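Colleague: Quick note: to get our numbering, add 425 to the position in the sequence shown (first position is 1). Even glycine gets a Cβ: it sits at the ideal position worked out from N, Cα and C. Remember, it's a predicted structure, so these values are computed and weren't measured experimentally.
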Amino acid sequence: MKMHQSLGQGKNLFTGYGDGHVLINAQRHDGNLIVSADEVAAWAAPDFSGLAAAHFDALLAYQPEVVLFGSGESQRFVHPRLYAALTEAGIGVECMDTQAACRTFNILLAEDRRVVAALLAI
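1) To the nearest angstrom, report how far apart M521 and A451 are at their CA atoms.
2) Between the Cα of H435 and the Cα atoms of G445, V465, Q500, V518, which residue gives the shortest distance?
3) Over what stretch of residues does the beta strand (DSSP E) that includes D472 continue unbroken?
4) Looking at the structure shown, is D455 part of a helix, part of a strand, or coil, going by DSSP?
5) Between L484 and I459, which are expected to be in contact by the criterion C-beta below 8 Å, what is the C-beta distance as a whole number of angstroms?
6) Hey, quick one: how far does the beta strand (DSSP E) through I449 stretch, first residue to last?
7) Taking 8 Å as the cut-off, decide whether the C-beta atoms of I532 and P489 are in contact.
8) Can you check whether the CB of V447 is closer than 8 Å to the CB of V491?
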């Protein structure tokens with residue numbers, strides 16, 4: 426699916442997604458990712474069943490106000506103990522499928538929110 430929206434220059438914007446990949450500013454990215462307004466990085470999380478607290482603790486470095494966890498093809502909820510460090514730091518965590526996380530990221534970014542998406546591949 427292609428998505429179209431425009432933001433200021435230099436901001437990461439999801440422009441599409443498909444099997445095993447997302448498009449950020451029309452550039453293809455495969456695998457599990459951490460995406461902020463100005464950075465795209467590989468996320469060391471192996472898959473849903475292999476998630477650990479350390480995977481979510483790594484997101485603290487981005488200093489977000491909200492983290493969107495994209496759980497892959499379908500919506501799955503991680504145990505709150507895995508993201509307890511984020512909650513304790515006052516950072517909101519929302520769980521949704523990866524496609525919804527991409528769309529929500531664009532909306533929050535357009536509102537100038539400090540959002541980070543932690544995505545498992547679709």
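Modeller: According to the data block:
1) 23 Å
2) Here the sequence assigns Gly to residue 435, which means His is not the residue at that position. Checking every option, the nearest Cα to that of G435 belongs to V465.
3) Here D472 belongs to no beta strand (DSSP E), and DSSP marks it neither H nor E.
4) strand
5) 7 Å
6) 446 to 449
7) no
8) no
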